[in-house]
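Chemist:
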Amino acid sequence: MSDNIEALLEKCLSIRWGQPVSVSGLKRFHGGAARETYRFDATSGGTTRGLVLRRDPASSLIETDRRTEFAALAAVHGSEVPVPEPLFVDESGAELGAPGFIMSEVADVKPGGILTPDAYAPHGAWVGEQMFTILGHIHAADPAAFVTGTPPPAPEDCWRQRLDHWAAAVTADALGPEPIFWAGVRWLERNPPPTPSRLAIVHGDYRSGNFLVDDNGRIGAIVDWEMAHIGDPLEDLAWAMDPLWSHGSPGRPAGTVDEATAIAHWRRTSGLTVDPTAFAWWRVYAQVMGLAIWISSAREVASGRSIDPIMVFSSLYTYRFHNRTLAATLRSLAA
Numbered sequence: 505m506s507d508n509i510e511a512l513l514e515k516c517l518s519i520r521w522g523q524p525v526s527v528s529g530l531k532r533f534h535g536g537a538a539r540e541t542y543r544f545d546a547t548s549g550g551t552t553r554g555l556v557l558r559r560d561p562a563s564s565l566i567e568t569d570r571r572t573e574f575a576a577l578a579a580v581h582g583s584e585v586p587v588p589e590p591l592f593v594d595e596s597g598a599e600l601g602a603p604g605f606i607m608s609e610v611a612d613v614k615p616g617g618i619l620t621p622d623a624y625a626p627h628g629a630w631v632g633e634q635m636f637t638i639l640g641h642i643h644a645a646d647p648a649a650f651v652t653g654t655p656p657p658a659p660e661d662c663w664r665q666r667l668d669h670w671a672a673a674v675t676a677d678a679l680g681p682e683p684i685f686w687a688g689v690r691w692l693e694r695n696p697p698p699t700p701s702r703l704a705i706v707h708g709d710y711r712s713g714n715f716l717v718d719d720n721g722r723i724g725a726i727v728d729w730e731m732a733h734i735g736d737p738l739e740d741l742a743w744a745m746d747p748l749w750s751h752g753s754p755g756r757p758a759g760t761v762d763e764a765t766a767i768a769h770w771r772r773t774s775g776l777t778v779d780p781t782a783f784a785w786w787r788v789y790a791q792v793m794g795l796a797i798w799i800s801s802a803r804e805v806a807s808g809r810s811i812d813p814i815m816v817f818s819s820l821y822t823y824r825f826h827n828r829t830l831a832a833t834l835r836s837l838a839a
């Protein structure tokens, strides 16, 4: 990857826009570990526009396809789901120095810190209402608009496809035997969930920290779509409600509203209902999925391929968190 990102951006945008472009104010954000993320100003013809570059890093917490995130943004942009406008994708990395894409900047918004109690105070109730209302809109969107070149799974195969994905990741990346993870996998395999009533666009990482709010508590953008796919919408709902993202307030996703209220907001816009048996399965899956991600991050740190603080944190705190919570869940299911 080239270190002269400004020059790459100026050349790329000048060609794309058909006139000279100057780039200034380049700044990298370190809030995520699956993409390098930079914001910058692009000036052309006397007009300055804030833009964001998302490109593949040398080492990543999760392996994803940059086309997926771009396609997901394109599928929902202009709808009730607030997202940055996707501008173009460079799949080969020839233009941007690494595979990635450029999108518009959503100004004057920021994420809530996942370790900050009451991160959305004093607007917590409204943030929670927006969070789950928007999630309902995502799940109500036409999955056919999400074009990736990969055929969607059969509804009855959603759970198996997702579970196999993370089992393969842990098989490749685990530094040790990971008995709690594999115990979770075995339970999920032995107790498959009911088939969803319909498939939906699944964000894949819908949680506190992946939506941006302004100072008045308005959600201005849902971000980090690199794990998006077509699947069971309860997958998103379960991940959003995992205790890891509760800001220390169990039963209050993102530290906002209670779970029953969150589900009511989601139902109102998704038009879906929650099958208790299916939802219970996906809540166990959420812990297994989380543990798989943290196991992969530990591999990246231990191998020396990454010293990113987010990766180190994930391989320590969040790894231990989901080992504990999944073990407790499995004990309760065996009782």
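Converting from the sequence shown to the working numbering requires adding 504 to each position, the first position being numbered 1. Glycine residues also receive a C-beta, built at the ideal position from the N, C-alpha and C atoms. Since the model is a prediction, treat every value here as computed from it, not as a measurement.
What residues in its chain sit with their C-beta under 6 Å from that of residue 584, if we drop five residues either side in the sequence?
Modeler: 641
Chemist: Could you check how far apart the C-beta atoms of residue 459 and residue 829 are, in whole angstroms? I think they sit under 8 Å.
Modeler: The structure shown does not extend to residue 459, since the chain is modelled only from 505 to 839, so the question has no answer here.
Chemist: Please report how far the alpha carbon of residue 603 lies from the alpha carbon of residue 679, in whole angstroms.
Modeler: 28 Å
Chemist: According to DSSP, is residue 824 part of a helix, a strand, or is it coil?
Modeler: helix
Chemist: In the DSSP assignment, find the alpha helix (DSSP H) that holds residue 552 and state where it starts and stops.
Modeler: Annotation: residue 552 is outside any alpha helix (DSSP H); the continuous beta strand (DSSP E) that includes it extends over 551–559.
Chemist: For residue 548, does the three-state DSSP call read helix, strand or coil?
Modeler: Three-state result, residue 548: strand.
Chemist: Excluding the 5 residues preceding and the 5 following residue 831 in the sequence, name in chain order all residues of the same chain whose CB lies nearer than 7 Å to its CB.
Modeler: 684
Chemist: Would residue 737 and residue 788 qualify as a contact pair, given that the criterion is a beta-carbon distance under 8 Å?
Modeler: no
Chemist: Just to confirm, are residue 589 and residue 559 a CB contact at a threshold of 8 Å?
Modeler: no
Chemist: Could you tell me whether the stretch 752–768 touches the stretch 799–815, using the rule of 3 or more Cβ pairs below 8 Å?
Modeler: no
Chemist: Are the stretch 613–620 and the stretch 704–722 in contact at 8 Å, needing three or more beta carbon pairs?
Modeler: Between the stretch 613–620 and the stretch 704–722, the count of Cβ pairs shorter than 8 Å is three or higher; the stretches touch.
Chemist: Run through DSSP, which three-state label would residue 565 get?
Modeler: With a pLDDT of 47 at residue 565, under the threshold of 50, the predicted position of this residue should be treated as unreliable, though the coordinate-derived value follows. If DSSP states are grouped into helix, strand and coil, residue 565 belongs with coil.
Chemist: Within this structure, are the beta carbons of residue 708 and residue 669 separated by less than 8 Å?
Modeler: Not a contact, by the Cβ cut-off of 8 Å.
Chemist: When you compare the stretch 571–580 with the stretch 650–667, are there three or more beta-carbon pairs, one atom per stretch, that lie closer than 8 Å?
Modeler: yes
Chemist: Helix, strand or coil for residue 584? Go by DSSP, reduced to three states.
Modeler: In the structure shown, residue 584 sits in coil (DSSP, three-state: anything other than H, G, I, E or B).
Chemist: What does the Cβ neighbour count give for residue 521, buried or exposed, with the cut at 16 atoms within 10 Å?
Modeler: exposed
Chemist: Can you tell me whether residue 805 is helix, strand or coil according to DSSP?
Modeler: helix
Chemist: Determine the DSSP secondary structure at residue 733, reduced to helix, strand or coil.
Modeler: strand
Chemist: What does DSSP give as the partner residue(s) for residue 744 in the beta ladder?
Modeler: Beta-bridge pairing links residue 744 to no other residue.
Chemist: Here's a check: name, in chain order, each residue in its chain whose Cβ is nearer than 8 Å to the Cβ of residue 665, leaving out the five neighbours to either side.
Modeler: So the qualifying residues of the chain are 657 and 735.
Chemist: Drop a sphere of 10 angstroms on the beta-carbon of residue 634, count the other beta-carbons inside from all chains shown, and report buried for 16 or more, exposed for fewer.
Modeler: buried
Chemist: Buried or exposed, going by whether 16 or more other CB atoms sit within 10 Å of the CB of residue 794?
Modeler: buried
Chemist: Report all residues from its chain with a CB closer than 7 Å to the CB of residue 514; omit the five preceding and five following residues, and keep chain order.
Modeler: 525, 526 and 527
Chemist: Are the stretch 760–773 and the stretch 620–631 in contact at 8 Å, needing three or more beta carbon pairs?
Modeler: yes
Chemist: Starting from the Cα of residue 644, find the closest Cα among 727, 771, 609 and 691 and give me that residue.
Modeler: 771
Chemist: Which value, in whole angstroms, describes the spacing of the CA atoms of residue 543 and residue 721?
Modeler: 22 Å
Chemist: Could you tell me the alpha carbon to alpha carbon distance between residue 704 and residue 579, rounded to whole angstroms?
Modeler: Cα to Cα, the separation comes out at about 12 Å.
Chemist: Do residue 601 and residue 512 have their C-beta atoms closer together than 8 Å?
Modeler: yes
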